[in-house]
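Asks: In numbering that gives the first Met the number 0, the protein residues as written are 0 to 353. For each residue, glycine too, the CB sits at the ideal point set by N, CA and C.
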Amino acid sequence: MSMLLNRLDITLPIIQAPMAGVSTPQLAAAVSNAGALGSIAVGASKADEARAMIAQVRAATDRAFNVNLFVHAAPQSDPLREANWLQGLAATFHSFGSAPPASLRAIYKSFDEDDEMLTALIEAAPPVLSFHFGLPKAERIAKLKATGALLLASVTSLDEGLAAQRAGVDAVVAQGFEAGGHRGIFDPTAFDDCLSTLVLTRLLVQKLEIPVIAAGGIMDGQGIAAALKVGAIAAQLGTAFIACPETSANPAYRAALLDSENVHTVMTTAISGRPARCLVNRFTALGEQLAHLPRPDYPIAYDAGKALHAAASAKGEFGYGAQWAGQGAALARALPARELIETLVGEMEAARRF
Ligand SMILES: Cc1cc2nc3c(=O)[nH]c(=O)nc-3n(C[C@H](O)[C@H](O)[C@H](O)COP(=O)(O)O)c2cc1C
0 MSMLLNRLDI
10 TLPIIQAPMA
20 GVSTPQLAAA
30 VSNAGALGSI
40 AVGASKADEA
50 RAMIAQVRAA
60 TDRAFNVNLF
70 VHAAPQSDPL
80 REANWLQGLA
90 ATFHSFGSAP
100 PASLRAIYKS
110 FDEDDEMLTA
120 LIEAAPPVLS
130 FHFGLPKAER
140 IAKLKATGAL
150 LLASVTSLDE
160 GLAAQRAGVD
170 AVVAQGFEAG
180 GHRGIFDPTA
190 FDDCLSTLVL
200 TRLLVQKLEI
210 PVIAAGGIMD
220 GQGIAAALKV
230 GAIAAQLGTA
240 FIACPETSAN
250 PAYRAALLDS
260 ENVHTVMTTA
270 ISGRPARCLV
280 NRFTALGEQL
290 AHLPRPDYPI
300 AYDAGKALHA
310 AASAKGEFGY
320 GAQWAGQGAA
330 LARALPAREL
340 IETLVGEMEA
350 ARRF
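As structure tokens, this is what we get:
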């Protein structure tokens, strides 16, 4: 067991991935109470909401937990690109008796632009903080480090891993192409090798001096044992936790995920403007039809995505939701968090005996 996690008295090499819109303070607390590391995601939240979520976790556990932030490049508004995208979506809005919004806006700020969030985090001082989509500026990292927090960063390549190490984070989350949700790639316009979890983990374990956490497609204890075997100090699991009763996933999302005979996933930029792995649904199919249209920047495109989901779900159609899931979706189980963790530990121990 790694000294890094021992420092926080985390006894299991399991991290529940932060999942904006899905993970909850209840889930994070249940996971941490079971001896793993629970996470909340505040990337889509305002500072006051983040404070409230942190207080909710603290009320339900006295163990360590992680608070996750989005550190994307500031979006550039492009009215023509946005108008063309809305026009592309218009027929679908009309099919639900609705109209596309007249214009789009960035629905949330990058942590790098959000001073109120920085103040809230310095005051609340959560034990672990993690970054997705990039790294905060050096002075912000220094302020967060001064709170005593352990810092983690999602990376998808060796270059990003080296940048995270140089910036002073304590460990990297090696996010393979299998992973559910948004790909943490720092610059989505740059060349992407689309490295798998196994390749990326091995590469980073060999080339970095800081510890590596493996993420992407890990659904059971056998998968966690494999990640540890190739040098990761822990595994971060997202999709495996979506169907826990403690999440806020809606019933249609749960049902689609648990339909293991028919479940498929695909990387799409149509929902939010950034690549993200989602269950194949009506929105991902529409995205393929509109492949010729450039997407507005993240998270401006997400404003349209959320409006379309709202219009469709008002008419009982839930296939336009951001149903993020990894390639391991067909292995998902619907168990309470504590039971899931006990099951993962049992499988991990059985796998380690071989
Ligand atoms: C529903 C969902 C939402 C996610 N939201 C976030 C997020 O807010 N922040 C983040 O760092 N990662 C997020 N991720 C990515 C996870 O951190 C992790 O990389 C991924 O879940 C690992 O792959 P797996 O889903 O196959 O386990 C999300 C993943 C899912 C499935």
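Between G304, K142, L227, which lies nearest to E348 when the distance is taken from Cα to Cα?
Replies: It is L227.
Asks: Helix, strand or coil for A269, going by three-state DSSP, please let me know.
Replies: coil
Asks: Alpha carbon to alpha carbon, what distance is there between H131 and P17?
Replies: 10 Å
Asks: Would you tell me roughly how many angstroms separate the C-alpha atoms of A303 and N5, rounded to the nearest one?
Replies: If I take the Cα positions, the gap works out to 43 Å.
Asks: Got a sec: does ligand 1 put a non-hydrogen atom nearer than 7 Å to the Cβ of Q174?
Replies: yes
Asks: Which residues does DSSP list as the beta-bridge partners of A234?
Replies: I13, A213
Asks: Kindly give me the distance between the Cβ atoms of E245 and A29, rounded to whole angstroms, as I take these residues to be in contact under 8 Å.
Replies: About 5 Å separates the CB atoms of E245 and A29; that is less than 8 Å, so the two are in contact.
Asks: Nearest to D111 by alpha carbon, out of F92, A89, I121, R139?
Replies: R139
Asks: Provide the residue span of the beta strand (DSSP E) that contains V56, from first to last.
Replies: Segment 46-59 is the alpha helix (DSSP H) holding V56; no beta strand (DSSP E) there.
Asks: According to DSSP, simplified to helix, strand and coil, what is T155?
Replies: coil
Asks: Report yes if the C-beta distance between L11 and V229 is below 8 Å; otherwise report no.
Replies: No, they are not a contact pair.
Asks: Going along the chain, which residues of its own chain have a beta-carbon closer than 8 Å to the beta-carbon of A333, five neighbours each way excluded?
Replies: A242, C243, P244, R253, L257
Asks: Would you check whether ligand 1 has a heavy atom nearer than 7 Å to the C-beta of W323?
Replies: yes
Asks: For Q86, which option in A35, I223, L285, D186 has the closest C-alpha, if you only look at C-alpha atoms?
Replies: When each option's Cα is compared against that of Q86, the closest is L285.
Asks: With respect to the beta strand (DSSP E) encompassing I39, which residues constitute its N-terminal and C-terminal limits?
Replies: 37-40
Asks: For E240, which of A233, D191, A231, I217 has the nearest alpha-carbon?
Replies: The sequence shown places Phe at residue 240, rather than the Glu named in the question. Among A233, D191, A231, I217, the Cα nearest to that of F240 belongs to I217.
Asks: Grab me the residues of V279's own chain with a C-beta within less than 7 Å of its C-beta, minus the 5 sequence neighbours each way, in chain order.
Replies: H263, T264, V265
Asks: Between the beta-carbon of V127 and the beta-carbon of A152, is there less than 8 Å?
Replies: no
Asks: Is any heavy atom of ligand 1 found at a distance shorter than 7 Å from the C-beta of G237?
Replies: yes
Asks: So who's on the other strand from Q174, going by DSSP bridges?
Replies: A214
Asks: Tell whether a beta-carbon distance below 8 Å holds between I39 and F69.
Replies: no
Asks: Check for me: the beta strand (DSSP E) holding L278 runs from which residue to which?
Replies: Element bounds for L278: 275-278.
Asks: Does chain D have any CB closer than 8 Å to the CB of I212?
Replies: Note that chain D does not occur in the displayed structure, where there is just one protein chain.
Asks: With G167 and T238 assumed to form a contact (beta carbons below 8 Å), what rounded beta-carbon distance in angstroms separates them?
Replies: The pair is not a contact, with the Cβ atoms about 30 Å apart (cut-off 8 Å).
Asks: At which residues does the beta strand (DSSP E) containing S259 begin and terminate?
Replies: No beta strand (DSSP E) contains S259, which DSSP labels as neither H nor E.
Asks: Tell me which same chain residues have a C-beta within less than 6 Å of the C-beta of R80, skipping the five on either side of it?
Replies: P293, P295
Asks: CB L194 to CB G160, shorter than 8 Å?
Replies: For L194 and G160, no; Cβs fall outside 8 Å.
Asks: Say yes only if the C-beta of P210 is nearer than 7 Å to one or more non-hydrogen atoms of ligand 3, and no if none qualify.
Replies: As presented, the structure is devoid of ligand 3, carrying ligand 1 as its sole ligands.
Asks: In the structure shown, what three-state DSSP assignment does F185 receive?
Replies: coil
Asks: Apart from the five residues on each side of it in sequence, which residues of its chain come closer than 8 Å, Cβ to Cβ, to L3?
Replies: L149, D169, A170, P210, I232
Asks: Looking at ligand 1, does it come within less than 7 Å of M266, judged from the CB to the closest heavy atom?
Replies: no
Asks: Quick check on the burial criterion: 16 or more other C-beta atoms within 10 angstroms. Buried or exposed for P250?
Replies: exposed
Asks: From A324, N67, R352, Q174, pick the residue whose C-alpha is nearest to that of Q235; which is it?
Replies: Checking every option, the nearest Cα to that of Q235 belongs to Q174.
Asks: Where does the unbroken beta strand (DSSP E) through N65 begin, and where does it stop?
Replies: 64-69
Asks: How about T146 and A124: do their beta carbons lie closer than 8 Å?
Replies: yes
Asks: Alpha carbon to alpha carbon, how far is A82 from S102? Give it in angstroms, no decimals.
Replies: Near 7 Å, if we compare the C-alpha coordinates of A82 and S102.
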